[in-house]
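Quick note, the sequences are listed as chains A and B, same order. Under my numbering, the first residue of the first sequence carries the number 86, and numbering increases by one thereafter. Under my numbering, the first residue of the second sequence carries the number -9, and numbering increases by one thereafter.
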Amino acid sequence: MHDLTPTPALGAATQTIGTVTIAENTGVALASVAARNGGTEACAKVLKDVLGAVPDVGRTVLHDPEAGFWMGPDQWMIGAPMNTHEDIADQLKAKLGNAASVTEQSGAWVVFDVIGERMPDMCEILCNIPIRKMVAGDVRRTMIHQLGCFVIRRAADDHIRILGPRASAQSLHHALITAATSVA
Amino acid sequence: MIIDHPLLGPRDSAEFTYMGDARLIDRPNPNDTDAAATFFDYAYLRDNPAGWHRELWFHEAGDRSWLVVTRNTLTHEISKVELARDVARAQGRSK
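Given below as structure tokens:
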């Protein structure tokens, strides 16, 4: 057997600039869930089964293997490890049925992990979210270099995860590198 | 200008896109006999008030929700912000 790896959005090598490490995370499978008219309660029940809780407004539920965050009213993004949950959208659709519309999102987003002591300084250059007020599990949709991105504050104090449009992965990566360089 | 989003709290208006008069929610019934005239009004005729105005804003760089914002066009004061979904449902729409 050939030792094959899936094609990543960018395939950029992990870089450490000053104190900040920027790594593309190719191991996240994503699917969005949008409750249909009248399906809110059924949808909440399934999400509770899968995640342990329904993500509140602007919040993430960090849970293994599936995790999820709130995107908008009655809309959530669910993520899980790619190597075990590549078909996460099908799994969720089987559970949700007609209560929600489920869309595979793994092919739509690029995921970057930004970790390091000066991450907040870098984040303030990139976008207008109040990164120092946000606590672990907070998530905000914002604009980074004209690109609509999700910024998730992870459990570690110096760690954010950025979900950006996959087709603009290189532009987003360039923005991250530039910001990291300027605070290094 | 700061828009106090009903779910997310105060947000900079730069995150939003103006989408027009909130009367766009009141879409006429296309089956009415005077549908041509009512749709002409709906599509083309707008009031341009100097003062309080109910308008639609789209939270483009946020949670993508549509809001009905009551804004004074003279002072930019905002007196009320509602989810457009709730406004439409209160009128018996989107049930």
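Every residue, glycine too, gets a C-beta built ideally from N, C-alpha and C. Quantities reported herein were computed from a predicted structural model and do not represent experimental measurements.
Just to confirm before moving on: does the CB-CB distance between residue i and residue j stay below 8 Å?
i                      : j                      : result
residue 152 of chain A : residue 136 of chain A : yes
residue 255 of chain A : residue 147 of chain A : no
residue -3 of chain B  : residue 142 of chain A : yes
residue 79 of chain A  : residue 194 of chain A : Absent from the model: residue 79 of chain A. The displayed extent of chain A is 86 to 269, so no value can be given.
residue 56 of chain B  : residue 8 of chain B   : no
residue 62 of chain B  : residue 41 of chain B  : yes
residue 71 of chain B  : residue 59 of chain B  : yes
residue 118 of chain A : residue 155 of chain A : no
residue 224 of chain A : residue 145 of chain A : yes
residue 165 of chain A : residue 150 of chain A : yes
Residues in its own chain within less than 7 Å of residue i by CB, not counting five upstream and five downstream?
i                      : result
residue 265 of chain A : 102, 103, 105, 107, 207
residue 125 of chain A : 159
residue 123 of chain A : none
residue 253 of chain A : 232
residue 178 of chain A : 187
residue 260 of chain A : 211, 229, 230
Can you list, in chain order, the residues of its chain whose CB lies under 6 Å from that of residue i, leaving out five sequence neighbours each side?
i                      : result
residue 174 of chain A : 116, 187, 189
residue 198 of chain A : 108, 110, 246
residue 99 of chain A  : 108
residue 132 of chain A : 139
residue 32 of chain B  : 18
Going by CA-CA distance only, name the one from the options that's closest to residue i.
i                      : options                    : result
residue 231 of chain A : A:156, A:134, A:139, A:212 : A:212
residue 217 of chain A : A:239, A:197, A:229, A:233 : A:239
residue 157 of chain A : B:51, B:65, B:21, B:66     : B:51
residue 6 of chain B   : B:49, B:45, B:43, B:26     : B:49
residue 113 of chain A : A:179, A:171, A:120        : A:171
At a Cβ threshold of 8 Å, is residue i touching chain B?
i                      : result
residue 238 of chain A : no
residue 217 of chain A : no
residue 226 of chain A : yes
residue 164 of chain A : no
residue 192 of chain A : no
residue 233 of chain A : yes
Name, please, each residue of chain A whose Cβ falls closer than 8 Å to the Cβ of residue i.
i                     : result
residue -2 of chain B : 142, 143
residue 16 of chain B : Correct list: empty, because the minimum Cβ distance to chain A is about 20 Å.
Take residue i and list the residues in its own chain whose beta-carbon comes closer than 8 Å to its own, dropping the five residues that flank it on each side.
i                      : result
residue 242 of chain A : 221
Can you pull the chain B residues whose beta carbon is under 7 Å from the beta carbon of residue i, in chain order?
i                      : result
residue 150 of chain A : Under the 7 Å cutoff, chain B gives no residues; its nearest Cβ is about 26 Å from residue 150 of chain A.
residue 222 of chain A : Result: empty, since nearest Cβ-Cβ is about 15 Å, beyond 7 Å.
Against chain A, with Cβ distances strictly below 8 Å, would residue i count as a contact?
i                     : result
residue 78 of chain B : no
residue 52 of chain B : yes
residue 36 of chain B : no
residue -6 of chain B : no
Run down chain A in chain order and give the residues with a C-beta less than 7 Å from the C-beta of residue i.
i                     : result
residue 55 of chain B : 157, 158
residue 64 of chain B : In chain order: nothing, as chain A lies at least about 27 Å away.
Report the neighbours of residue i on chain A: residues whose CB is nearer than 9 Å to its CB, in chain order.
i                     : result
residue 2 of chain B  : 213
residue 73 of chain B : 158
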